[in-house]
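Those protein sequence lines, which keep their order, are chains A and B. Sequential numbering from 1 applies to the first sequence in the numbering used here. Sequential numbering from 1001 applies to the second sequence in the numbering used here. Think of the CB as a built atom: it goes at the ideal place given N, C-alpha and C, for glycine as much as any other residue.
There are 2 protein chains.
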Amino acid sequence: MREKTATIQDVARIAGVSNATVSRALSNPSVVAESTLQAVLGAVAETGYQVNHTARNLRRQRAGSIIALVPNLANPFFAQIMAGISAVLTPAGYGLLLADTQTGPDADDRLAYYLGSGTADGLILFDGQLDNTALSLPGRPPVVAACEWLDPLPSVRVDNEAGARLAVRHLAEAGHRRIGHVTGPFPNGLTETRLAGFRAEMQAQGLELRDAWIYGGDFTMDSGALAAQAWMRQADRPSALFFASDEMAAGFIGAVQHAGLSVPGDVSVVGFDNIEVGAHLSPALTTIRQPRMRIGERAAELLIAMIEARRLDGPSEVIGVELIERASVAPPKKAG
Amino acid sequence: MREKTATIQDVARIAGVSNATVSRALSNPSVVAESTLQAVLGAVAETGYQVNHTARNLRRQRAGSIIALVPNLANPFFAQIMAGISAVLTPAGYGLLLADTQTGPDADDRLAYYLGSGTADGLILFDGQLDNTALSLPGRPPVVAACEWLDPLPSVRVDNEAGARLAVRHLAEAGHRRIGHVTGPFPNGLTETRLAGFRAEMQAQGLELRDAWIYGGDFTMDSGALAAQAWMRQADRPSALFFASDEMAAGFIGAVQHAGLSVPGDVSVVGFDNIEVGAHLSPALTTIRQPRMRIGERAAELLIAMIEARRLDGPSEVIGVELIERASVAPPKKAG
DNA sequence: CTGTTAGCGCATTCAT
DNA sequence: ATGAATGCGCTAACAG
């Protein structure tokens, strides 16, 4: 196998021109004569020639691809984001490489490796917990942080605080006064800003913040189910809950229903993300929509702009969120 | 930026040896003298040298990465599979490139492109609907089909027929005699084998196969909700349903509950895949487990073996499935 | 408009 | 055990 792929020399010979002319005809057709262009195209068709990207990249001093570094590839949350990235990378002529910061032994080392190895022309980073000293590595390629953020990096993210405030306001407007929150893991930028938004809006609404009504989670469904156990054990519990992720909200709803309680009859819930299953839950989940495909697209666009401008800095972008009202919120049984 | 990454020449100069020696010291340390090895390592540390993969790959006539070609990157189904692939590729020194057959204009062209362009040393194909003529392209790299299959290709897939039979048998053992099926899209290998398994086991159990109890879906939750509408409109309907995907089962359950009916009280359901949310639904979804991470791992292992053996053929693998009993199946209200 | 030439950075003969 | 030389396939000066 891999016997003999035609090279640019083969095409040149058959077309009766020099290899340089073939290269020009292919990458910048307007500078060659029409007749030679045809000859080259004919020879290309005849040989089935396709450029060798490795050689081209070596010559052009580029890698031809960008790499998305995610904390955990198995997390379905990233699927749509990858689709968005791919949708802008492919037409722009870049490949999309995927890597995981969890697989290897040391996540910081992996970042440093990808930054230094020249494997990629740029990097999209989805892990906010990495050590940013690697970013001062000289000659590193541009990086944009996505969803999360890391100090000197341009980022594309969603307005997490505003989303949290929207959620709390919606609950308050439905009449709830006893509102709790299930957080993501710590330390984590998303967790912290959503919690901050929760607190800010609770105060703005003049509602009481009780530590006992803040439940620690880690974004997973299992942790949502655990929060349900904690919530059900409380004698004095909130009538509504804002979850830092839809997954936790789904886990909570499942566990609460399993115990014979009702959503939103016994407790109202608002999630965050708008994962697909939310609309199909019963009750359908009220949530804060986060446009994941768009996050991916914008991150890729910003990164390409930086690569082409040959700059390590660039604009950041905060993408708006919106409340999706469905059926998991209802007025509390009695004003509390 | 990208000012001056050290090259092998720089290292050679500092270490006081030739570039060839540096190359050897790095890729085959046992052939150089201990003292020169130390000198080289010292120079590497001093310069922060990292090999240029593009140059190495050009010289070695390889791409250094494999590409996963999926029908739709946004589909979260692939997330765990990618994690499995990445977990074996990374230690083996291959990068994972991602591409989508839906984004571009013509999926068959994209396959042909990736096969001919030399962008990857091998390919994992998740789309069974492509035209296999591209596979006769001379000099193409090895390809393994995953989940789906395509004629001359080795494949890694799950025993779909056995899974369907397991599901039907479980329903029959619970006492159901009126069993329906919600299919995936056509044409599609998964849809067809699961349907075949459904039919085979229905016959084996001596149960009646009614066309009106076979509902067309497309694996999505929306199509499951649509199937629910169809099912609810029927006067004479099955008491249990086997779904070709968990997503459809989840969509169905949501729609049926929304209409005030109960699962498994009014209808029992079994899904296929074991997606994460299944365990957190209420009722928790009984399903056929498909070990996705493992599918990815095996596909990558088989592919690497083919690449290293320089062969286009290799073994296929069928991975077993198992029934996960949860709470969405109960005996029918009255024997049917 | 086109050909000649010179590397990109590395691994690998072939000598020594 | 090591060095010198070569070329992977391509693009980009530089001439003409």
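For Ala-240 (chain A), the beta-bridge partners assigned by DSSP are A:Ile-179, A:Ser-268.
Tyr-49 (chain A) sits in coil when the DSSP states are folded into three classes, being neither helix nor strand.
For Ala-1092 (chain B), no CB of chain A lies under 8 Å from its own CB, so it is not counted at the interface with that chain. In this structure, DSSP gives Thr-1133 (chain B) a helical state, which the three-state scheme calls helix. Of the candidates A:Ala-259, A:Pro-283, A:Arg-194, A:Asp-236, the residue whose Cα lies closest to the Cα of Gly-1260 (chain B) is A:Pro-283. One Cα belongs to Asp-1131 (chain B), the other to Met-1248 (chain B), and the distance between them is close to 28 Å.
Using a Cβ distance threshold of 8 Å, Ala-1250 (chain B) and Leu-1285 (chain B) count as a contacting pair.
Less than 8 Å separates the beta-carbon of Gly-1016 (chain B) from that of Ala-1039 (chain B). Taking 7 Å as the Cβ-Cβ cut-off, the segment 157–186 of chain A has no residue approaching chain B. Residues of chain A whose Cβ lies closer than 7 Å to the Cβ of Val-1277 (chain B) are, in chain order, Met-221, Ala-250, Val-277.
Rounded to whole angstroms, Ala-1172 (chain B) and Ala-1204 (chain B) show a C-alpha spacing of 11 Å. Assignment of beta strand (DSSP E) within the segment 49–121 of chain A, counting only whole runs of 3 or more residues, yields 65–70, 95–100 in chain order.
Sequence-distant Cβ neighbours of Arg-24 (chain A) in its own chain, meaning closer than 6 Å and more than five residues away, are Val-31, Val-32. Only exposed fits Arg-1311 (chain B), as fewer than 16 other CB atoms lie within 10 angstroms of its CB. Across the set A:Leu-150, A:Gly-278, A:Pro-264, A:Asn-75, the C-alpha of A:Leu-150 shows the shortest separation from the C-alpha of Asp-313 (chain A).
Straight through space, the alpha carbons of Phe-1272 (chain B) and Ala-1228 (chain B) are spaced by roughly 17 Å. Closest by C-alpha distance to Gly-1128 (chain B), out of B:Val-1321, B:Gly-1189, B:Ala-1244, B:Pro-1029, is B:Gly-1189. When the Cα atoms are used, Arg-1289 (chain B) and Ala-212 (chain A) turn out to be separated by approximately 38 Å. If you check each beta-carbon in the segment 1047–1059 of chain B against every beta-carbon of chain A, the ones closer than 8 Å belong to Gly-1048, Gln-1050, Val-1051, Asn-1052, His-1053, Thr-1054, Ala-1055, Asn-1057, Leu-1058. Contact check for Ala-174 (chain A) and Val-318 (chain A): beta-carbon distance about 27 Å, past the 8 Å limit, so the pair fails to qualify.
The C-alpha of Glu-1308 (chain B) is placed about 14 Å away from the C-alpha of Val-1144 (chain B). Residues of the same chain with a CB within less than 8 Å of the CB of Thr-1047 (chain B), apart from the 5 flanking positions on each side, are Ala-1006, Asp-1010, Val-1011, Ile-1014 in chain order. In this structure, Pro-315 (chain A) keeps its C-beta atom at 8 Å or more from the C-beta atom of Leu-323 (chain A).
Annotation: the continuous beta strand (DSSP E) that includes Ser-155 (chain A) extends over 155–158. Between Ile-1304 (chain B) and the set B:Ser-1018, B:Gln-1050, B:Leu-1096, B:Leu-1058, the nearest pair of CA atoms involves B:Leu-1096.
Segment contact: the segment 1134–1144 of chain B against the segment 1159–1173 of chain B, fewer than three CB-CB distances shorter than 8 Å; contact not assigned. In this structure, Tyr-114 (chain A) and Ala-120 (chain A) form a Cβ contact; the two beta carbons are roughly 6 Å apart against a cut-off of 8 Å. Proximity of Ser-1136 (chain B) to chain A, defined by a Cβ-Cβ separation below 8 Å, is not satisfied.
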